[in-house]
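K.L.:
Structure provided below as structure tokens; questions to follow.
Numbering (the working numbering), first residue to last: 16 to 237.
This is the structure in structure tokens:
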């Protein structure tokens with residue numbers, strides 16, 4: 016998978032982008048499913064992606080969001096069996112940079128970690144909307160079962176990987192299931208492999224992966 020950038024990881028599948036094309040890949044089996052292309056953008060720059068189900072499911076929908084202009088958010092979406100991406104735009108200056116993405120109950124949620132702004136996309140209604148994050152004040156409050164990852168959890172991950180304190184980890188986002196609490200959203204931090212940041216710290220690229228073995232037939236298509 017040389018030259019590929021991981022945009023999302025879930026259910027044992029990685030969603031990868033390379034040379035203008037997007038595809039699903041299972042590292043354990045080597046299974047690969049190409050999405051119709053080319054993708055509308057030829058390069059990836061702070062794009063955030065999420066998918067609703069495994070690519071072998073008829074319910075799989077892929078959404079990729081990015082900010083193409085200062086005041087415009089752009090979302091491209093494709094569902095299983097479709098031959099082309101659909102484009103949706105939202106004129107808004109917030110969120111300034113989306114770092115979290117999740118699928119829940121028929122919709123896609125996109126958040127940043129510097130404000131209470133969020134973007135919601137209904138799969139059925141094909142409507143992109145701006146919203147506000149409201150945190151639970153009691154167990155009786157209605158909510159979606161998601162939470163943000165804390166800075167301490169990020170540092171603990173680096174320790175488990177044996178990385179020095181000054182090393183930065185660039186990683187695609189995912190959602191980690193938690194039995195005792197709300198599912199944990201891991202932020203997207205896409206940066207060039209082997210790059211250094213403005214302060215000269217080394218950046219290591221990684222991807223979350225749930226170890227599942229998926230086998231698909233040779234004629235499996237989107």
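Think of the CB as a built atom: it goes at the ideal place given N, C-alpha and C, for glycine as much as any other residue. These numbers were taken from a predicted model, which means no experiment stands behind them.
Just to confirm, are residue 92 and residue 138 a CB contact at a threshold of 9 angstroms?
P.N.:
Yes, Cβ-Cβ distance for residue 92 and residue 138 is below 9 angstroms.
K.L.:
Assign residue 206 to one of three DSSP states: helix, strand, or coil.
P.N.:
The pLDDT assigned to residue 206 is 49, lower than 50, so where the model puts this residue is not dependable; a value taken from the coordinates is nonetheless given after this. Here residue 206 sits in coil by DSSP.
K.L.:
Between the Cα of residue 235 and the Cα atoms of 24, 19 and 39, which residue gives the shortest distance?
P.N.:
For residue 235, the nearest C-alpha among the options comes from 39.
K.L.:
Check each candidate in 52, 105, 32 and 199 and name the one with the smallest Cα separation from residue 118.
P.N.:
Of the candidates 52, 105, 32 and 199, the one whose C-alpha sits nearest the C-alpha of residue 118 is 199.
K.L.:
Residue 88 and residue 80 - do their beta-carbons sit closer together than 9 angstroms?
P.N.:
Yes, the pair counts as a contact, with Cβ atoms nearer than the cut-off.
K.L.:
At the level of alpha carbons, what is the spacing between residue 32 and residue 149?
P.N.:
Cα-Cα distance, rounded: 33 angstroms.
K.L.:
Which whole-angstrom value describes the C-beta separation of residue 23 and residue 193, a residue pair presumed to lie in contact below a C-beta threshold of 8 angstroms?
P.N.:
Not a contact, Cβ separation roughly 19 angstroms.
K.L.:
Does the beta-carbon distance from residue 130 to residue 146 come in below 9 angstroms?
P.N.:
Contact flag unset, no.
K.L.:
When the Cα atoms are used, what is the spatial distance from residue 208 to residue 61?
P.N.:
Reliability fails at residue 208, whose pLDDT of 42 lies under 50, so the model's placement of it is uncertain and the value that follows must be treated cautiously. Rounded to whole angstroms, residue 208 to residue 61 spans 14 angstroms at the Cα level.
K.L.:
For residue 23, does the three-state DSSP call read helix, strand or coil?
P.N.:
Here residue 23 sits in strand by DSSP.
K.L.:
Kindly give me the distance between the Cβ atoms of residue 54 and residue 35, rounded to whole angstroms, as I take these residues to be in contact under 8 angstroms.
P.N.:
Confirmed, about 6 angstroms.
K.L.:
Who are the Cβ neighbours of residue 224 in its own chain at under 8 angstroms, not counting the five residues just before and after it?
P.N.:
Counting only Cβ-Cβ distances below 8 angstroms, and skipping sequence neighbours, we find 24, 27, 29 and 42.
K.L.:
Figure out for me which residue from 123, 203, 191 and 232 has the closest Cα to the Cα of residue 226.
P.N.:
Ranking 123, 203, 191 and 232 by Cα distance to residue 226 puts 191 first.
K.L.:
Nearest to residue 140 by alpha carbon, out of 49, 113 and 103?
P.N.:
Taking only the C-alpha atoms, the option nearest residue 140 is 103.
K.L.:
How many Å lie between residue 123 and residue 116 at the Cα?
P.N.:
The alpha-carbon atoms of residue 123 and residue 116 are separated by roughly 7 angstroms.
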